[in-house]
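All remarks here apply to the structure that follows.
2 protein chains.
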Amino acid sequence: MSDQEKEVTIYDIANKLNISAATVSRGLKDHPAINKNTKKKILAAAAEMGYRSNSFASNLRKKSSHIIGVIVPRLNSSFMSDVIAGIEKVVNEANYNLFISQSLESMKKEVSNAKAMFNNRVDGLMVSLAYDTSDIAHFESFINRGIPLVFFDRIYEHEKCPSIYINNYKAAYDITSHLIEQGCKRIAHISGNQLRNVYAERTRGYQQALKDNHVPFDDTLLIINDLSARAGNEAANQLLNLPVRPDGVFVANDICAISCMQAMKKQDIKIPDDIAFAGFNNDPTSCVIEPNLTTIDYKGYEMGETAARIMINHLVNNDDLQKTQSLILRSELIIRESSLKKGSKT
Amino acid sequence: MSDQEKEVTIYDIANKLNISAATVSRGLKDHPAINKNTKKKILAAAAEMGYRSNSFASNLRKKSSHIIGVIVPRLNSSFMSDVIAGIEKVVNEANYNLFISQSLESMKKEVSNAKAMFNNRVDGLMVSLAYDTSDIAHFESFINRGIPLVFFDRIYEHEKCPSIYINNYKAAYDITSHLIEQGCKRIAHISGNQLRNVYAERTRGYQQALKDNHVPFDDTLLIINDLSARAGNEAANQLLNLPVRPDGVFVANDICAISCMQAMKKQDIKIPDDIAFAGFNNDPTSCVIEPNLTTIDYKGYEMGETAARIMINHLVNNDDLQKTQSLILRSELIIRESSLKKGSKT
DNA sequence: TATATTTTTGCAATCGATTGCAAAATGTTA
DNA sequence: TAACATTTTGCAATCGATTGCAAAAATATA
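Heads up: the protein sequence lines correspond to chains W and S, in order. Here the first sequence is numbered in my numbering, starting from 1 and rising by one per residue. Here the second sequence is numbered in my numbering, starting from 1001 and rising by one per residue.
Okay, here's the thing in structure tokens:
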């Protein structure tokens, strides 16, 4: 009933055993200079008295927090929540804790989040950039103080920061080539802010694939928006109102692709025969929509695990961060009905 | 270039201004006893010298962490990531930080997570229970020390802990009644572990609706599984192999409902005419599947916001937790094609 | 037994911010 | 100007764990 059970400290243990707090402190963390017997007594007393270490005191003294910060654009997307789950697993196993915050796709909030992380003295920071982040001055303080900074997915190339991502260029190249193989001659591309590597690279892959296959690039077929469901809907109308409609669409994200498909289906466009579709991300919805959506699969969970492991290895084993400049994870083209034209060779 | 820029402390500021650290400390937090002019000087010096408060020292002295812990079954579900996003927003605005961990639906991990939260001295804890948690002894230490504990969605009734959830009973009652109205006479129900309020209440609502409408309850039509996509697939086969097939299915979760529908569609079952379907959660996939899935909508984001606000109000304004015993949020029946039989009156 | 070695332990300072209480500075009133 | 009230400030202890260094205890060697 007592709200006020007193906290047990190493001094209480020391008193009880008639030894010094220093010995207790060392004993608790298995310091080699402490006698085995004394250690046993200390551990027993600690357990019996319900001791729990005060991490503030320890952090204050040791100047490290055992906390890793994470800043992501949004927590509630299928991909990102997979990433977070992967990070959480690795970090938790290493006895670190996570501070998580979301930038809500705004650079302004990202800046303030970074500041909060800095003031809370995270031991490391993992970041996937907001939609409109134009520079990373707000992360300089970390770099200057030698606090490890790792980028993932939406990265920023920096010599001191490892980056974990996929080969967006190649994935986009492959998926575009696939559409061309299926007989598409006018392929539209819907993408996001070209400041972000993920979207710029996908656009580049799309354009290169067109070029290599001698398909002329038509800039009325390139739409840049925020890749939301609403934007997908609007893009559908925009594309259907063109003087010459596309016969294929490659969207840089499944959510947007699917709402675009749905809007087109309502206007009686036949997918894939009138217009073939391809997305990106292998979102759960992509194999629910009919026809199922051709897309690029890459594992958020693994990306989270990998990024976290690099961070933890640096913090725990003092691994050199420079050594891992960047880490490219596997991605895979998944061909489904949305891009398989009837008359095609495949 | 210097990795080792020294941290600025209140003592450095005090020295520079020839005043005491106590005054600096008070000045920085706008203590009323400090002269306006002195305050201005302190703030200016702090800014100029790049001071940042050391939260460890502060926490150590104040015995509070400004950290709120969250334990959820999984981070990567559409619903839960919405909840987390809502929590993050409220908590962040109040200048608190979040420790997040996932129990992965296992009581064992939930126990160890709770312990970690306790040792890290969170100021409050928010929990949605794991699939198989059978008691909450692992949370007693929080209750005993007066650390506020709030349950949401998958709750545990406890006089000292507010709970935020929806009326699962009524929602299930409504959705089952709707299926009956549509002419269903043999309604199967797929649900999860009946230890969890959310599933037990939904099952209860289902059964009561049957009873009130004089539809006999057939226990071969009640399937309890883990509500995963795989389980939905298996349930489809189980139901189709019954001597008399159901003409309606109410699943306690959309993910499972959709995989069940997909499996049935593959066997040429016509939905809704052969078998009507209803789910729960309004997952994004529910309006992508064809036919679109009738379901119960409840806003994870709002649930997260609400739960977090109760916590924050308690911590910041010292609101009484007892006062809010439980908070029932709105949920809404969303009728879509999956449950609209052709010959029905509606 | 005396001396040298090796193992164990303790002293005391340190990490920065906070706060009760007393003292100093300033302002007010008679 | 004296006496008193009000504002501002500073002293010094405190929150617990950590750690360099020295001292004590235990063990080994001559």
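Ideal Cβ positions, reconstructed from N, Cα and C, are used throughout, including at glycine.
For this session: Reducing DSSP to helix, strand and coil, say where Ala188 (chain W) ends up.
Result: The answer is strand: DSSP assigns Ala188 (chain W) an E or B state.
Exercise. CA-CA distance, Leu28 (chain W) and Val8 (chain W)?
Worked result: Rounded to the nearest angstrom, the two C-alpha atoms are 14 angstroms apart.
For this session: Determine, using beta carbons only, whether Glu290 (chain W) comes closer than 8 angstroms to chain S.
Result: Interface residue, yes.
Problem set entry | Helix, strand or coil at Gly124 (chain W) [DSSP, three-state] | Residue state for Gly124 (chain W) is assigned as strand, using DSSP reduced to three classes.
Problem set entry | Where the alpha helix (DSSP H) through Gly1146 (chain S) begins and ends | Per DSSP, Gly1146 (chain S) belongs to no alpha helix (DSSP H) and is neither H nor E.
Exercise. Does Asn120 (chain W) have its Cβ less than 8 angstroms from a Cβ in chain S?
Worked result: Closer than 8 angstroms to some Cβ of chain S, the Cβ of Asn120 (chain W) qualifies, so yes.
Exercise. Which one of W:Ile224, W:Tyr298 and W:His214 has the shortest CA to CA distance from Thr203 (chain W)?
Worked result: The candidate whose alpha carbon is nearest that of Thr203 (chain W) is W:Ile224.
For this session: Could you pull out every residue in the same chain whose Cβ sits closer than 7 angstroms to the Cβ of Lys342 (chain W), ignoring the five residues on either side in sequence?
Result: The beta carbon of Lys342 (chain W) sits closer than 7 angstroms to those of Asp273, all from its chain and outside the five residues before and after it, given in chain order.
Exercise. Which one of S:Ile1042, S:Asn1037 and S:Asp1030 has the shortest CA to CA distance from Asn1015 (chain S)?
Worked result: Cα-wise, what sits closest to Asn1015 (chain S) is S:Ile1042.
Problem set entry | Per-residue DSSP class, three states only, for Thr295 (chain W) | Looking at Thr295 (chain W) - three-state DSSP - the assignment turns out to be strand.
Problem set entry | Interface flag, Thr1378 (chain S) vs chain W, CB-CB below 8 angstroms | Residue 1378 (chain S) lies beyond the range of chain S shown here (1001 to 1346); nothing can be said about it.
Problem set entry | Distance CB(Ala1130 (chain S))-CB(Pro1073 (chain S)) smaller than 8 angstroms | Against a cut-off of 8 angstroms, the Cβ pair of Pro1073 (chain S) and Ala1130 (chain S) comes out as a contact.
For this session: Identify every run of the alpha helix (DSSP H) within the region 1049-1095 of chain S, keeping only runs that are complete inside it and at least 4 residues long; order them along the chain.
Result: Within the region 1049-1095 of chain S, the complete alpha helix (DSSP H) runs of at least 4 residues are 1055-1062 and 1078-1093.
For this session: Can you pull the chain S residues whose beta carbon is under 9 angstroms from the beta carbon of Asp82 (chain W), in chain order?
Result: Near Asp82 (chain W) (Cβ distances below 9 angstroms), the residues of chain S are Leu1075 and Asn1076.
Exercise. Just to confirm, are Val1316 (chain S) and Gly1279 (chain S) a CB contact at a threshold of 8 angstroms?
Worked result: Cβ distance not < 8 angstroms, so Val1316 (chain S) and Gly1279 (chain S) don't count as in contact.
Problem set entry | alpha helix (DSSP H) runs wholly inside the region 221-253 of chain W, at least 4 long, in chain order | Qualifying alpha helix (DSSP H) stretches, in chain order: 229-240.
Exercise. Within this structure, are the beta carbons of Ile954 (chain S) and Leu1125 (chain S) separated by less than 8 angstroms?
Worked result: What is shown of chain S runs 1001 to 1346, which leaves residue 954 (chain S) out entirely.
Exercise. Do you know offhand how far Ser1128 (chain S)'s Cα is from Asp1153 (chain S)'s?
Worked result: Take the alpha-carbon of Ser1128 (chain S) and the one of Asp1153 (chain S): they are about 6 angstroms apart.
Exercise. How many whole angstroms separate the CB atoms of Glu1201 (chain S) and Asn1241 (chain S), which I take to be in contact at a CB cut-off of 8 angstroms?
Worked result: In this structure, Glu1201 (chain S) and Asn1241 (chain S) do not form a Cβ contact; the two beta carbons are roughly 29 angstroms apart against a cut-off of 8 angstroms.
Exercise. Could one say the Cβ of Gln102 (chain W) lies closer than 8 angstroms to chain S's Cβ atoms, at least one of them?
Worked result: Chain S, which has a Cβ nearer than 8 angstroms to the Cβ of Gln102 (chain W), makes this yes.
Problem set entry | Cβ-based neighbour list, Asn237 (chain W), same chain, cut-off 8 angstroms, excluding 5 preceding and 5 following | The beta carbon of Asn237 (chain W) sits closer than 8 angstroms to those of Ala263, all from its chain and outside the five residues before and after it, given in chain order.
Exercise. Interface residues of chain W around Ile1258 (chain S) at Cβ under 7 angstroms?
Worked result: Result: Val288.
Exercise. Across which residues does DSSP place Phe1139 (chain S) in a beta bridge pair?
Worked result: In the DSSP output, where bridge partners are listed per residue, Phe1139 (chain S) has none listed.
Problem set entry | As assigned by DSSP and simplified to three states, the class of Glu105 (chain W) | In the structure shown, Glu105 (chain W) falls within a coil segment according to DSSP collapsed to helix, strand and coil.
Exercise. Taking 8 angstroms as the CB-CB cut-off, is Thr1285 (chain S) touching chain W?
Worked result: Yes, because at least one Cβ of chain W sits closer than 8 angstroms to the Cβ of Thr1285 (chain S).
Exercise. Expressed to the nearest angstrom, what Euclidean distance is found between the alpha-carbon atoms of Lys266 (chain W) and Ile258 (chain W)?
Worked result: Answer to the nearest angstrom: the Cα atoms are 12 angstroms apart.
Problem set entry | Spatially closest choice to Ile164 (chain W) from W:Asn113, W:Ile87 and W:Gln102, by CA coordinates | A check of alpha carbon separations from Ile164 (chain W) across W:Asn113, W:Ile87 and W:Gln102 identifies W:Ile87 as the nearest.
Exercise. Mapping DSSP to helix, strand and coil, what is Ala1046 (chain S)?
Worked result: Helix.
For this session: Pull up the distance between the alpha-carbon of Asn1184 (chain S) and that of Tyr1206 (chain S), whole angstroms please.
Result: Sequence check: residue 1184 (chain S) is Cys here, not Asn. One C-alpha to the other measures close to 13 angstroms.
Exercise. Can you tell me whether DSSP reads Glu337 (chain W) as helix, strand or coil?
Worked result: Residue state for Glu337 (chain W) is assigned as helix, using DSSP reduced to three classes.
Exercise. What does Ile92 (chain W) touch in chain S if you count any residue whose Cβ is under 7 angstroms from its own?
Worked result: The displayed chain sequence assigns Asn, not Ile, to residue 92 (chain W). When 7 angstroms is used as the limit between beta carbons, Asn92 (chain W) is near these residues of chain S: Ser1101, in chain order.
Problem set entry | Per-residue burial, Asp254 (chain W) [other beta carbons within 10 Å of its own, 16 or more giving buried] | Buried, since its Cβ has 16 or more Cβ neighbours within 10 Å.
Exercise. When the Cα of Arg52 (chain W) is compared with those of S:Asp1320, S:Ile1335, S:Arg1121 and S:Asn1292, which residue comes out closest?
Worked result: For the set S:Asp1320, S:Ile1335, S:Arg1121 and S:Asn1292, the Cα lying nearest the Cα of Arg52 (chain W) is the one of S:Arg1121.
For this session: Could you say if the region 291-299 of chain W and the region 320-336 of chain W meet the contact criterion of at least three C-beta pairs nearer than 8 angstroms?
Result: Under the three-pair Cβ rule at 8 angstroms, the region 291-299 of chain W counts as touching the region 320-336 of chain W.
Exercise. Taking the C-alpha atoms as reference points, what is the distance between His977 (chain S) and His1158 (chain S)?
Worked result: The displayed coordinates of chain S run from 1001 to 1346. Any statement about residue 977 (chain S) would go beyond what the structure contains.
Exercise. Do Met49 (chain W) and Ile19 (chain W) come within 8 angstroms of each other at the CB atom, strictly closer than that value?
Worked result: No. Outside cutoff.
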